[in-house]
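Residue numbers (numbering that gives the first Met the number 0), protein chains in the order written: chain A, 0 to 205; chain B, 0 to 205; chain C, 0 to 205.
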Amino acid sequence: MRLRLQPRNTKFFDMFTEASTNISACVGVLGEYVAAPPERHQELAQRMHDVEHDADQITHTIFEELNRSFITPFDREDIYRLAGRLDDVVDYIDAAVDLATLYQLGDLPEGVHAQVRLLAQCAELTVEAMPKLAKPGTLHDYWVQVNELENQADQVYRRLLSWLFSGELDTLTVLKLKEVVDQLESAADAFEHVADVIHTIAVKES
Amino acid sequence: MRLRLQPRNTKFFDMFTEASTNISACVGVLGEYVAAPPERHQELAQRMHDVEHDADQITHTIFEELNRSFITPFDREDIYRLAGRLDDVVDYIDAAVDLATLYQLGDLPEGVHAQVRLLAQCAELTVEAMPKLAKPGTLHDYWVQVNELENQADQVYRRLLSWLFSGELDTLTVLKLKEVVDQLESAADAFEHVADVIHTIAVKES
Amino acid sequence: MRLRLQPRNTKFFDMFTEASTNISACVGVLGEYVAAPPERHQELAQRMHDVEHDADQITHTIFEELNRSFITPFDREDIYRLAGRLDDVVDYIDAAVDLATLYQLGDLPEGVHAQVRLLAQCAELTVEAMPKLAKPGTLHDYWVQVNELENQADQVYRRLLSWLFSGELDTLTVLKLKEVVDQLESAADAFEHVADVIHTIAVKES
Numbered sequence: 000m001r002l003r004l005q006p007r008n009t010k011f012f013d014m015f016t017e018a019s020t021n022i023s024a025c026v027g028v029l030g031e032y033v034a035a036p037p038e039r040h041q042e043l044a045q046r047m048h049d050v051e052h053d054a055d056q057i058t059h060t061i062f063e064e065l066n067r068s069f070i071t072p073f074d075r076e077d078i079y080r081l082a083g084r085l086d087d088v089v090d091y092i093d094a095a096v097d098l099a100t101l102y103q104l105g106d107l108p109e110g111v112h113a114q115v116r117l118l119a120q121c122a123e124l125t126v127e128a129m130p131k132l133a134k135p136g137t138l139h140d141y142w143v144q145v146n147e148l149e150n151q152a153d154q155v156y157r158r159l160l161s162w163l164f165s166g167e168l169d170t171l172t173v174l175k176l177k178e179v180v181d182q183l184e185s186a187a188d189a190f191e192h193v194a195d196v197i198h199t200i201a202v203k204e205s
Numbered sequence: 000m001r002l003r004l005q006p007r008n009t010k011f012f013d014m015f016t017e018a019s020t021n022i023s024a025c026v027g028v029l030g031e032y033v034a035a036p037p038e039r040h041q042e043l044a045q046r047m048h049d050v051e052h053d054a055d056q057i058t059h060t061i062f063e064e065l066n067r068s069f070i071t072p073f074d075r076e077d078i079y080r081l082a083g084r085l086d087d088v089v090d091y092i093d094a095a096v097d098l099a100t101l102y103q104l105g106d107l108p109e110g111v112h113a114q115v116r117l118l119a120q121c122a123e124l125t126v127e128a129m130p131k132l133a134k135p136g137t138l139h140d141y142w143v144q145v146n147e148l149e150n151q152a153d154q155v156y157r158r159l160l161s162w163l164f165s166g167e168l169d170t171l172t173v174l175k176l177k178e179v180v181d182q183l184e185s186a187a188d189a190f191e192h193v194a195d196v197i198h199t200i201a202v203k204e205s
Numbered sequence: 000m001r002l003r004l005q006p007r008n009t010k011f012f013d014m015f016t017e018a019s020t021n022i023s024a025c026v027g028v029l030g031e032y033v034a035a036p037p038e039r040h041q042e043l044a045q046r047m048h049d050v051e052h053d054a055d056q057i058t059h060t061i062f063e064e065l066n067r068s069f070i071t072p073f074d075r076e077d078i079y080r081l082a083g084r085l086d087d088v089v090d091y092i093d094a095a096v097d098l099a100t101l102y103q104l105g106d107l108p109e110g111v112h113a114q115v116r117l118l119a120q121c122a123e124l125t126v127e128a129m130p131k132l133a134k135p136g137t138l139h140d141y142w143v144q145v146n147e148l149e150n151q152a153d154q155v156y157r158r159l160l161s162w163l164f165s166g167e168l169d170t171l172t173v174l175k176l177k178e179v180v181d182q183l184e185s186a187a188d189a190f191e192h193v194a195d196v197i198h199t200i201a202v203k204e205s
């Protein structure tokens, strides 16, 4: 355990908490999107873009604060990376919704709903974890649980590919759905990368 | 601002500038490729391989210099990463040209031309940025602009996918074009990763 | 050359060696899989899952040791990354075998056999390299050779795509095979990323 001779800058913890709350909003809009009738898809895609824009703002504010701060609660580059990985989650989910709307895919299959439920669980864990960042050593369970969810997401993804390629759908629909499904799988991976950065921080502090 | 008690090793700045000039050559050959009649594709793919080989040489020279140097202008691992990310740009563009030639795709669609124009703008910004690496704090605008270009590239990419999957083309052509388009999208991402490494360096120096 | 005032913790070298031996087992099962008649695929996919489970255990043990250790043979975050990248190799190969079994692809084409042979060579180099981690400066040849193998893997991969898209196979088979081939290509990339982490460590130590 390193001695801390300087007060921690708690602004970063607040900003990361804000970023995670925004991810929660993002996953909320995604949940509405997959439950809504297709005629609401345009409107919800627009709301998703607003959330994505908010994420960009939060990320930018963290970078500005980083440039202004002499003292940071952990390594500057880890703050930089954590902000980037949190932003990635929103980018992938926004891309999934944007593509589904662009392709006018209409109602999405059950496998996509399963992906969305797992992303909601990842978001919930992330929101709970952020306020505990000041003591990263306490976040071991969070990291283990996100890894387990990501393993489940892998399984759901592979079963979904298997169904997509079963011959039930026409080829162009297969290709379009696959792009959406791939973005949601990348979002699950991005949640794991967030957890990995936090694990690295915990490892350095130990 | 850290005090510098040691003279900076300016060789690295020269080598990164050389790497960016080579990226400029790379994007130049790519521009010729998409403008040229298909019968010139083989010859231009060969020229691209030469550029890719030059990139490998430059990267290798940077690594050798790194092994020889006691004093480096910024963290050794950031020099290592920056060299790697610059090399990635050329690798993706070479892959796009190699695949387009291998598949004998002939004239490429307008969307690909739009991708190439954005890559040319990224290359130009990167060439301008490299000689300013000694003062990474001055490169904030460069980082913002590359991020904006990458956002535009995302939009172009998604519209291109939408067109590819519209049913206008036969399935095998769709699959082949998608491989090429994906590599060019990865090249745009790679330019953003270059900018991200430089941003990290600036953050550490601040 | 930095002076070392503390004894090195050699446990990490043993654990990385164990991880590489497990990768060797993983590539061994992959080799059996592509050589075996399809009726053995289920059984071999199960054996692959066991290897993947072992990899997770080894990775977890390295992380636990990292949390317990005051003194580490190189930067904590590089130990963390190296363990993660070694685990990635097994994850991608397990995914390839899982998907090939799920899709009931039967006998795999010659191009896939070529991918598997290159992965076997990468595994062999990695197994030889791990016990030399205490002197990362001696691993320059290992890094060069893995990079060369990865270049060859790229070539094999592109030729394989070209054959896949030649019109010889039906579209759904093309899409299924491509998923498997992509995972094996990612495994080759993952071997390069392992070598890159070791190269970074060597660069820091130089």
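Ideal placement from N, C-alpha and C gives every residue a C-beta, glycine not left out.
Just to confirm the assignment, what range does the alpha helix (DSSP H) spanning residue i have?
i              : result
D181 (chain A) : 170-204
K134 (chain B) : That residue, K134 (chain B), is in no alpha helix (DSSP H); it is neither H nor E in DSSP.
L104 (chain A) : That residue, L104 (chain A), is in no alpha helix (DSSP H); it is neither H nor E in DSSP.
E149 (chain C) : 139-163
E64 (chain C)  : 40-67
E17 (chain B)  : 10-34
Taking C-beta pairs closer than 7 Å, name the residues in chain C that residue i reaches, listed in chain order.
i              : result
E178 (chain B) : L160
T172 (chain A) : Going along chain C, no residue has its Cβ under 7 Å from T172 (chain A), so there is no contact; the nearest lies around 12 Å.
In chain B, what lies closer than 9 Å to residue i by C-beta?
i              : result
K175 (chain A) : L160, S161, F164
Buried or exposed, going by whether 16 or more other CB atoms sit within 10 Å of the CB of residue i?
i              : result
Q182 (chain C) : buried
E42 (chain A)  : exposed
Y137 (chain C) : In the sequence under discussion, the amino acid at residue 137 (chain C) is Thr, which differs from the Tyr named in the question. So T137 (chain C) counts as exposed.
D13 (chain B)  : exposed
G83 (chain A)  : buried
P72 (chain A)  : buried
Q206 (chain C) : Residue 206 (chain C) lies beyond the stretch modelled for chain C, which goes from 0 to 205, so this question has no answer here.
D87 (chain B)  : buried
A152 (chain A) : buried
F11 (chain B)  : buried
P130 (chain C) : exposed
M0 (chain C)   : Model confidence at M0 (chain C) stands at a pLDDT of 45, short of 50, so the residue's coordinates are unreliable; what they give is reported in the following sentence. By the neighbour-count rule (16 or more Cβ atoms within 10 Å), M0 (chain C) is not buried but exposed.
D195 (chain A) : buried
R67 (chain B)  : exposed
E178 (chain C) : buried
Compare the Cα-Cα distances from residue i to each of the options and report the closest residue.
i              : options                        : result
P37 (chain A)  : A:F190, A:L124, A:R157, A:L101 : A:L101
I22 (chain B)  : B:F12, B:C121, B:I197          : B:C121
W142 (chain A) : A:E31, A:T199, A:I92           : A:T199
E220 (chain C) : C:S185, C:S19, C:F15, C:A34    : In the structure as shown, chain C begins at 0 and stops at 205. Residue 220 (chain C) is therefore absent and cannot be evaluated.
I26 (chain A)  : A:K177, A:F164, A:V126         : The amino acid occupying residue 26 (chain A) in the given sequence is Val; Ile does not appear at that position. Selected option, being the one with the closest Cα: A:V126.
H192 (chain A) : A:L104, A:H139, A:V145, A:V50  : A:V145
M47 (chain B)  : B:T60, B:Y32, B:L81, B:E17     : B:Y32
D97 (chain B)  : B:L174, B:H40, B:T170          : B:H40
L171 (chain C) : A:E76, A:E178, A:L160          : A:L160
A18 (chain B)  : B:G105, B:E63, B:V89, B:D49    : B:V89
E51 (chain A)  : A:E167, A:I92, A:K134          : A:I92
A128 (chain C) : C:R116, C:V180, C:F190         : C:F190
L132 (chain C) : C:T20, C:D49, C:L65, C:I197    : C:I197
F69 (chain C)  : C:T20, C:L117, C:T9, C:E123    : C:T9
A119 (chain A) : A:A24, A:T16, A:S165           : A:A24
Which residues in chain A have a C-beta closer than 7 Å to the C-beta of residue i? List them in chain order.
i              : result
R157 (chain B) : D97, L98, L101
T199 (chain B) : E76, Y79
Whose Cβ in chain A lies nearer than 8 Å to the Cβ of residue i?
i              : result
K203 (chain B) : R75, E76
Could you please tell me which residues of the segment 53-80 of chain C, in chain order, have their CB closer than 7 Å to any CB of chain A?
L65, N66, R75, E76, Y79
Taking beta-carbon pairs under 7 Å, can you tell me which members of the segment 94-113 of chain C lie near chain A?
D97, L98, L101, Y102
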